[in-house]
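Asks: Protein chains in written order, with my numbering: chain E, 52 to 704; chain V, 3 to 171; chain Y, 94 to 628; chain D, 8 to 112.
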Amino acid sequence: MGLSVQFLWLIPALPLLAAGIGSIAPSRDRTLASGTAIAALALSFLLSCGALLTALANPADHATHNFAWFELGHGAVRLGWLLDPLTALMCIMVTFVGLLIFIFSTGYLRADARFKQFFCFLSLFAAAMLGLLIANSLLLLFICWELVGLASYLLIGFWFHKPAAAAAAKKAFITTRIGDLGLLLGMVWLYDSTGSLLFYDGGNGVLEPSVLAALGGSTAIGLLIFCGAVGKSGQFPLHVWLPDAMEGPTPVSALIHAATMVAAGVFLMARVFPLLTPDALTVIALTGAITALMGALIAVAQNDIKRILAFSTVSQLGYMMLAIGVGSWTTAIFHLLTHACFKALLFLGAGSVIHAAHHEQDIRQLGGLRGPMKTTFATFAIGMMALSGVPFIFSGFWSKEAILHAAHAWDVSQLPLYLGLAAVVLTAFYMTRLMAEVFFGAARSDAAGHAQENPPTMTVPLGLLAVCAVGLGFLGTPYWPWLQHTLDPLAHVEAGGYGLMMVSIVLVALGLGSGWAIYGRKSRVKSSAADPLAVRAPSVFAFLAARMKFDELYAATFGRLNHGLAVFADALDRHLWDGAVRFFSRLGEFAGVVNRETDEGALNGGFDATSEGLRKRAHSYSRAQTGDAHGYLLMVAFGFVVLVFAVLLGGAR
Amino acid sequence: MTAVLILIAVATLCTAAVAMALRNLIHSALLLIASWTGIAAFYLWAGAEFVAFAQVLIYVGAISMVVLFAVLLTRQSRADVAIAPGSLGRVVLALIAGGAVLGVLVGAVLSTKFANSSATTPTVTVKQIGQSLGGAHAAALLVIGVLLTVALLGAVVLATTDRAEKEDA
Amino acid sequence: MKSESIPLVFSFPFPLLSLLIFTPWAGAVLLTLLRGASALTARVLTLAFSLSTLAFSVLLLDSFDPAATAPQFGERQPWIAALNVHYHLGLDGLSLVLVLLTGIITPVALLASWRLERSARLFGALFLTLQGAALGVFLALDFFHWFVFWELSLVPAFFLIKLWGGRDATRAAYQFVIYTIGGSAFMLFGFAALFATTGTFDFNELARLGADGTLAAKLGAGPIQFIFLGVLFGLAVKVPLWPFHTWLPPAYAEAPTGASMFLTGVMSKMGVYGFLRILWPIFPQQLHAAAPWLLTLALGGVVLGAWAALRQTDLKRMVAYSSVNHLSYCLLALFAVSYATGRAGLSGEAATAALSGTILQMFNHGLSAAALFACVGILQTRADKNNMGGTPMPRGTGVSPLGLKDFGGVRAAAPIFAGLCGIAMFSSLGLPGLNGFVGEFLIFRGVFGLHPGAAAVACLGLLGTALFLLTFWQRVFHGPRAEAAAGEFSDLRGVEYAALVPLVLLMFVLGVAPQLLTRLINPLVTAWAGHLVLP
Amino acid sequence: MNLAPLQLCLLFSSALFCIGLIGALSRSNTILVLLGIELMLNAANLNFIAFWRYGANSEPATGVMFVIFAIAVAAAEAAVGLALVITIYRHQKNIRLQDATRLKG
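1. From isoleucine 371 of chain Y to leucine 155 of chain V, what distance separates their C-alpha atoms?
2. Excluding five sequence neighbours on each side, which residues of the same chain lie with their C-beta closer than 6 Å to the C-beta of leucine 513 of chain Y?
3. Taking the continuous beta strand (DSSP E) assigned at tryptophan 132 of chain E, which residues delimit it?
4. Just checking: is the beta-carbon of glycine 124 of chain E within a distance shorter than 8 Å of some beta-carbon in chain Y?
5. Check the C-beta distance from leucine 97 of chain V over to isoleucine 44 of chain D and give it rounded, since I have them as a contact under 8 Å.
6. Does the distance from the CB of phenylalanine 140 of chain D to the CB of valine 74 of chain D come in under 8 Å?
7. So is histidine 544 of chain Y buried or exposed if we call it buried at 16+ other beta carbons inside 10 Å?
8. Taking only three categories from DSSP, how would you classify aspartate 477 of chain Y?
9. Could you spell out where the beta strand (DSSP E) holding arginine 358 of chain E opens and where it closes?
10. Give every residue of the same chain whose Cβ lies closer than 6 Å to the Cβ of histidine 409 of chain E, excluding the five residues on either side of it in the sequence, and list them in chain order.
11. Under a CB-based cut-off of 8 Å, is histidine 29 of chain V close to chain D?
12. Of all Cβ atoms in chain V, is any one closer than 8 Å to the Cβ of alanine 250 of chain Y?
13. In this structure, does DSSP put leucine 184 of chain Y in helix, strand or coil?
14. Between threonine 39 of chain V and the rest of its own chain, which residues show a CB-CB distance below 8 Å, the 5 nearest in sequence each way excluded?
15. By the DSSP assignment, the beta strand (DSSP E) with alanine 114 of chain E in it spans what residues?
16. I want to verify the contact list: residues of chain Y whose CB lies under 9 Å from the CB of glutamate 197 of chain E, in sequence order.
17. Note the first and the last residue of the continuous beta strand (DSSP E) segment covering arginine 169 of chain Y.
18. Measure how close the beta-carbons of tryptophan 243 of chain Y and proline 349 of chain Y come, nearest whole angstrom, since I'm counting them as under 8 Å.
19. Taking all protein chains shown into account, decide if glycine 542 of chain Y is buried (16 or more other Cβ within 10 angstroms of its Cβ) or exposed.
20. For leucine 249 of chain E, list the residues DSSP reports as bridge partners.
21. Look at the alpha carbon of serine 78 of chain E and the alpha carbon of alanine 507 of chain Y, and state the distance between them as a whole number of angstroms.
22. Let's see if you can read the secondary structure: which residues bound the alpha helix (DSSP H) around leucine 263 of chain E?
23. Give me the Cα-Cα distance between tryptophan 292 of chain E and methionine 435 of chain E, rounded to the nearest whole angstrom.
24. Excluding the 5 residues flanking leucine 137 of chain E on each side, which residues of the same chain have their C-beta closer than 6 Å to its C-beta?
25. According to DSSP, what are the bridge partners of alanine 233 of chain Y?
26. What residues of chain D sit near threonine 14 of chain V, judged by a beta carbon separation below 7 Å?
27. According to DSSP, is glycine 200 of chain E part of a helix, a strand, or is it coil?
28. Just tell me which of Y:Ile536, Y:Leu427, Y:His419 and Y:Leu408 has its CA closest to the CA of aspartate 243 of chain E.
29. Using CA atoms only, rank isn't needed, just tell me which of E:Ile152, E:Phe250, E:Lys213 and E:Ala487 is closest to serine 574 of chain E.
30. State yes or no: is the C-beta of threonine 146 of chain Y within less than 8 Å of the C-beta of leucine 232 of chain Y?
31. The stretch 85–109 of chain D: which residues have C-beta closer than 9 Å to a C-beta of chain E, in chain order?
32. Mind listing the chain D neighbours of alanine 220 of chain E? Cutoff is C-beta to C-beta under 8 Å, in chain order.
33. What do you get for glutamate 210 of chain Y, buried or exposed, if any count of 16 or more other CB atoms within 10 angstroms of its CB means buried?
34. Grab me the residues of tryptophan 621 of chain Y's own chain with a C-beta within less than 7 Å of its C-beta, minus the 5 sequence neighbours each way, in chain order.
35. Shorter than 8 Å from the beta carbon of valine 152 of chain V to some beta carbon of chain Y?
36. Residues in its own chain within less than 7 Å of tyrosine 272 of chain Y by CB, not counting five upstream and five downstream?
See the structure below:
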């Protein structure tokens, strides 16, 4: 039962409908709001499966359905849907993870007064995200891209009465918008160069060989589009919003800021991969590698459970970008899919912990939850091992290996590979630290002490995600690279390379071992005790804990610049332009003042005597000014008569 | 022809003279309107229809209204209308001055030999007026326009109640 | 029924366009005569007459032929034969879009000022006069009465600001009138000189002369440059083009809500309309020569307008600056088109996109800025009430100007208001799915093809807009409850819904289906873009 | 006495001028003074028309043009003058011209 491309719009339309219903439903009616949202997403999931069947029938084909949005000139601005394995797989991932997170949210936000709005926003997000995936036009993709940004803004600021949440929402929107401006410019540049924004259009789409040949490769367009991805996917140097976005409710962090939206940048780059020139790819690879290492480093020194996971997300997104940059976009998507599952699992696990521990997020305050929260512990452990890349069983291992192999095979530079390998150790290390602090040892606060396992609406999604976190890896092993070949039948998968695999296994073991040695063997006793690493290298640890001071740096540069520009613009208005207007309006007055000043100056200059005489004379003259208008008129009349007589008598002939 | 002119002249002069002499300002304003209408009639008689209509529009239509408004806005108690002390002297002085001017003018008119006037009435159509307004006299038209704008603004500014001053007072 | 009624209505010469202009004026006259009418009667009558524009527009839409690029429904009567002045009205796609905008904004603005306390009759009469004058500007095709309408619109605007405005209303009103009249005086001189040379006031005729270079040849290079600058100055003040905008923030900030909505929604469009209808067709060569400088000024408006808005603490001034920013995009696109005119190998596509974007942006900015002013007005009434212990507050009695810091947490108290205001804000910010995006995208697409550097700089403006609007939203609606919003901050009530909901609905509709508008203007714009040559 | 029509016209205008002059000189009410001045202006206009009608080899429309402009100026003068009257009234509560002597030297 396939879903043909003409009806692909149904996939985003259903959540959109649910959002519409949710927005007008009475806010008391909780089941209606959550029920429609979940039902709509479940239907979308089924439709996505149908779409995958259709796509698998002919994986190399890009089925499209294009239509005119509005007329422009002799042509029209056109949009369209696109169905290929990439779209279908992404849709399945988003709907599946989304569905589980929706179900989890019914438990997590049970007590919130604005339950209805939450599901309304979540449905809006799902609709926009799915629209982004099925878009066959960079314009439509951009539209949905902005809409997911809006949903993210609304959901980060869901608890808007908290100033921190409101500020974080604004920061996220503005930071991603900086990247989006690059995307917008890249888009109009592309439009201007090719006359189209459709990806595939029967030979005339921008990703098709004839148009690409005519375009002749433009590094600038590729890099501008990459700007959008940098903003959305939290790449260096625009990663600063992602950790702050954790102010939103935890299911939001799981869905938007870990599994789906932030991965949209990777998806975008995978989608426009044919446009990217080698130079652009080099930049992307290095950015990804730097991000991967930087995220992992910062994660080591964080204490908030969600922030650790957020920086881990930054780091993993860096891996994906690295994969794109070294030319293997299929492995990037492979890692995207596995990461979506295990990171959603980790976030939901964290959410489960936070919910049980009455919104305590500081890992120093937690501890010992292994006992009371067995399901959560088990599933979280699976997620942690998947993320760390524990060999052979867990999906993260296979996808990360694929990326490292692709980086190894890159013929430009081996630097990304080394940075990636360094990040592997750190990833294993900080995840071990997290596990040890949260689940082992003894409870270090009342909240942690009274924590209890959550209801099934929250644990069942955890279980399902754990299954995926294990199973998904087998779709893309080097021995059976089904996923890569489905996405791109021409993809060349690096087989073999056991040496590299051994190295990476050793590095993972190193990370896990050192983490356990430092944090697990002798667990923390008091919540106020200093971190063992902080004791050994206080300055480095403080620098990392302050997130490498990026926020401070930006506040000191761009923040100042922004403020300065505002002051400048305002002052320009108030003083220069308005002043110019006032200047003209007072020109006459000014002239008068000048006149008087000169007069007085002249008087004071030594003409006192003359002026005295003049003044007397003037005074007598001024007596003629009686102020009597009649008198003046009379004078005029007599003057006239005298004049006429004078003329007559003078004999002017 | 001449009889009509004399008739118009007498009517105009009489109304003007009475208007200047009356005490009641409203009456004199109304009489002045009549006088202006007489002038318009003279223009008609002279063949300048456009000017006649302009006269009617502007004097009879507009200025008279402004005058009436001004009169109504500045209505005073009866006492003020009475002739102020010492004004008899001024009336006499005025009559002397007026008489002198009149004498000079009449003398000049009567003693001057005018060149023989053309028998045919010059005709000027509205179209010609328009053409010279837009052509030869375009600059003057602009200046007049500016003058009117300035006068309008000035009148508004003068007549506006000055809030600050009122508060002071 | 419908098929029968059309020939009846349009048996020419049926003066539909004159009716369009003069029905509001008839309403104004009626209102002045109805001396004893109650405030409610006056308000309802005003609203009914202001809706006439919308009703006539429906008739117009019915028989408007988008494919014809010449003005339609023309009316041409000799008026002052001596001056070759004709009463000449006509409507093309551009005019139609603006007439529709006027038809939408005026009733909504009246609804937003529904509860205004003082003399509803006079307010209504002035508003209807303003509406008629604005329609006249959009429909006149002869400079003479175009200018009459243009100046006439100032008078009611002056009184609306002065009589119903805030504390500094008198100063703002005088500044507004004198500045704009000063601008138009230069324009008048310019046209008088044009008339002296060509003997016509007709726009089409003048555009023809301008396009084939006759005008420049007749006038000589020096004089036409001066005339061009005069007309440019007159229009630039009205739009306003940065840096001739300093009258705008005080005027918008001091005007009563409804008047602010009309000023920003319709009157600012008169200036852009003048650029498109007069300056660009009649002085193609001169505009082309000045385009690099003008582009710089427009960019100044885009960027500095946005950042100046960021600095404002008075909410109305902030929205006013956002108008400077948004209208500068319109001018940016036009100047870019003029800049690229005559370039070898110029494709019409970019110019089409830029010009369509300009027109869409005019309409969209009308909707979103009016909605934002309505929202600020609602905030203001609530704050006044809270300050005065429940009694509505007459303006002009020393209310402190509304600051960003006076509010906070309004979203918790009034979620529906917050939602509608948020939609208006995101529309103004250019969020896709709402109307603002389409125009801005087309402008960027066009300007990039014509002058890539300008497009890149203008991007900064988008960032600035997002910055100040989100700051506004965060301060006013988020966070804990603040002083002015404390106490009873009720959600929207009847009339306020009626003022905001139509605008918000239109934002959605036009965001999803811009075809509704582009259909009307596309052939016209395509024709414009097809004739981009210098004499 | 056999007078040419031109002379008749000129006499008419002289008389009107003097009536205006006498009125302006004799009355103390500022409005009436202004009206007298208006009459004087009108008399001047009469002359223009008269010379246009009977004058030798005059430009076809010059006299008419002069009158039109003079009427415009007179309108402006009346507007400003009466506005001044109202201002004076506001300041000194009457409109006697003799009392308005604040600006004297």
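Where is the CB? At the ideal position from N, CA and C, for every residue including glycine. Since we're looking at a predicted model, the values are computed, not measured.
Replies: By the coordinates alone:
1. For the pair isoleucine 371 of chain Y and leucine 155 of chain V, the Cα-to-Cα distance works out to about 28 Å.
2. Hits under 6 Å: Leu593 and Val597.
3. Tryptophan 132 of chain E -> beta strand (DSSP E) spans 126–134.
4. So yes, glycine 124 of chain E belongs to the interface.
5. Between isoleucine 44 of chain D and leucine 97 of chain V the Cβ distance is about 18 Å, and since that is not below 8 Å, they are no contact.
6. With chain D running from 8 to 112 in the structure shown, residue 140 of chain D is simply not present.
7. Under this definition histidine 544 of chain Y is a buried residue.
8. DSSP, read as helix, strand or coil, puts aspartate 477 of chain Y in helix.
9. No beta strand (DSSP E) contains arginine 358 of chain E, which is instead part of the alpha helix (DSSP H) from 356–376.
10. Cβ neighbours of histidine 409 of chain E beyond the five flanking positions: Ala498.
11. Output row for histidine 29 of chain V: interface = no.
12. Taking 8 Å as the threshold, the shortest C-beta distance from alanine 250 of chain Y to chain V does not fall below it.
13. Leucine 184 of chain Y sits in a strand when the DSSP states are folded into three classes.
14. The residues are Val58 and Val62.
15. First-last of the beta strand (DSSP E) with alanine 114 of chain E: 114–123.
16. Here the neighbours are Gly523, Leu524, Pro525, Gly526 and Phe530.
17. Looking at the DSSP string, the run of the beta strand (DSSP E) that includes arginine 169 of chain Y is 165–173.
18. So it is not a contact: roughly 23 Å between Cβ atoms.
19. Buried is the call here.
20. Looking at the DSSP assignment, leucine 249 of chain E forms a beta bridge with E:Ser188.
21. One C-alpha to the other measures close to 14 Å.
22. In the DSSP annotation of this structure, the continuous segment of the alpha helix (DSSP H) that includes leucine 263 of chain E starts and ends at 260–266.
23. When rounded, the distance between both Cα atoms is 24 Å.
24. Beyond the five residues adjoining it in sequence on each side, leucine 137 of chain E comes within less than 6 Å, by CB distance, of Leu538 in the same chain, given in chain order.
25. Within the DSSP secondary-structure output, alanine 233 of chain Y pairs in a beta bridge with Y:Leu182.
26. Neighbourhood of threonine 14 of chain V in chain D, by CB distance below 7 Å: Leu23, in chain order.
27. Of the three classes helix, strand and coil, the one that applies to glycine 200 of chain E here is helix, per DSSP.
28. Measuring from the Cα of aspartate 243 of chain E, the nearest candidate turns out to be Y:Ile536.
29. Here the closest residue by C-alpha is E:Ala487.
30. No.
31. For the stretch 85–109 of chain D, the set of positions with a beta-carbon nearer than 9 Å to some beta-carbon of chain E reads Leu104, Gln105, Ala107, Thr108 and Arg109 in chain order.
32. For alanine 220 of chain E, no chain D residue has a C-beta closer than 8 Å to its own C-beta; the minimum C-beta separation is roughly 59 Å.
33. Looking at its Cβ environment, which holds fewer than 16 other Cβ atoms inside 10 Å, glutamate 210 of chain Y is exposed.
34. Contacts found: Leu448.
35. Under the Cβ criterion of 8 Å, valine 152 of chain V is not counted among the residues facing chain Y.
36. Exclusion of the five residues before and after tyrosine 272 of chain Y leaves Val330 and Trp340 as the residues of its chain whose Cβ lies within less than 7 Å of its Cβ.
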